[in-house]
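The sequence shown stops at residue 243 when you use UniProt numbering, and every number in between is there.
Ideal Cβ placement from N, Cα and C applies to all residues, glycine included.
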Amino acid sequence: MMSPKTSDNSSSILAVTYSRFLMSVCRLLSPAVRYLAFFFSFLLILVILTDQLIGFYVRKNIYDDINAIPHRPYALVLGTSRYFSDNSLNLFYYNRLLSAQELVKHNKVDYLLLSGDNRTSQYNEPRNMFYDLRKLGVNSEFMYLDFAGFRTLDSVIRAKTIFHAHSITIVSQKFHCERALFIAQYYNIDAICYAAEYPDGHYGVRVREFFARLYMIWDLLTEKGPYFLGEPEPLPPPLMPGS
1 MMSPKTSDNS
11 SSILAVTYSR
21 FLMSVCRLLS
31 PAVRYLAFFF
41 SFLLILVILT
51 DQLIGFYVRK
61 NIYDDINAIP
71 HRPYALVLGT
81 SRYFSDNSLN
91 LFYYNRLLSA
101 QELVKHNKVD
111 YLLLSGDNRT
121 SQYNEPRNMF
131 YDLRKLGVNS
141 EFMYLDFAGF
151 RTLDSVIRAK
161 TIFHAHSITI
171 VSQKFHCERA
181 LFIAQYYNID
191 AICYAAEYPD
201 GHYGVRVREF
211 FARLYMIWDL
221 LTEKGPYFLG
231 EPEPLPPPLM
241 PGS
């Protein structure tokens with residue numbers, strides 16, 4: 001039987017050998033490879049830092065309690081696909097509709113602005129949201145559609161410039177709300193968010209959000225606007241005085 005002392009010596013020898021091996025590999029790497037490794041390490045740190053700072057900056061404007069969220073005249077419901085690629089129901093989509101319904105039911109908003117992609121006649125996010133919200137009992141006279149919400153930036157800017165919704169409650173999952181709120185604050189839009197429930201799993205969605213936030217920063221720095229603006233289509237005035 002190997003004694004503890006012998007076992008410790010073997011572990012030490014193995015650690016030293018492995019360390020020397022790593023040192024040799026590093027020395028063999030060309031300067032270009034080392035610079036490349038440094039670049040990707042820096043990029044990873046930048047992605048994580050940007051993600052965390054954006055979330056921290058807007059954290060006070062995100063609500064998940066229907067009783068705590070203040071009233072806003074308009075809710076901006078951000079669209080997404082109704083189904084996943086395997087034809088299963090997209091719970092990101094469905095949970096956003098449930099949250100929008102809840103806001104209307106509790107008189108936390110007066111009108112819903114349903115904003116999403118409508119690039120083809122076969123794919124129409126605002127129309128899908130409209131019909132599904134009607135099935136959930138939301139009256140059609142309180143819903144308005146934005147067919148040019150191709151991206152989050154488009155939806156947020158158009159809510160203000162086209163629909164004159166200067167005070168809004170954004171409806172989406174928390175991770176998405178953070179990016180939308182950051183855009184809203186950049187453009188001086190009075191916005192809060194009602195966070196829809198995040199479905200279990202779907203970790204890839206959250207990973208993609210890291211890079212979406214970097215892309216958003218680039219859009220803001222370069223002052224990139226929506227794909228389409230067009231003529232103003234003001235929403236009805238708030239139902240509640242002083243809203």
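| query | Apart from the five residues just before and just after T17, which ones in its own chain have a Cβ nearer than 8 Å to its Cβ? | reply | none
| request: Please work out which residues of its chain come closer than 6 Å, Cβ to Cβ, to F210, disregarding the five sequence neighbours upstream and downstream, and give them in chain order. | output: V47, D51
| task | Just the C-alpha distance for A196 and F84, rounded to the nearest angstrom, thanks. | result | 18 Å
| D132 - containing alpha helix (DSSP H), residue span | 125-135
| query | By a C-beta neighbour count over all protein chains shown, 10 Å radius and 16 as the cutoff for buried, is S41 buried or exposed? | reply | exposed
| Other residues of its chain near E233: CB distance less than 7 Å, five sequence neighbours each side excluded | I162, F163
| field | Assigned exposure category for K160 - 16 Cβ within 10 Å defines buried | value | buried
| request: Could you check what DSSP says for T169 in three-state terms: helix, strand or coil? | output: strand
| said: Would V104 and F142 be called neighbours here (beta carbons separated by less than 8 Å)? | reply: yes
| task | Mind reading off the beta-carbon distance from G149 to G201? Whole number of angstroms is fine, and I expect it under 8 Å. | result | No, G149 and G201 are not in contact; Cβ-Cβ is about 26 Å, not under 8 Å.
| field | Beta carbon of I66 nearer than 8 Å to that of K135 | value | no
| task | Quick one: using the 10 Å Cβ neighbour count with 16 as the cut-off for buried, is M216 buried or exposed? | result | buried
| request: Buried or exposed for M129, please, with buried defined as at least 16 other CB atoms from any protein chain shown within 10 angstroms of its CB. | output: buried
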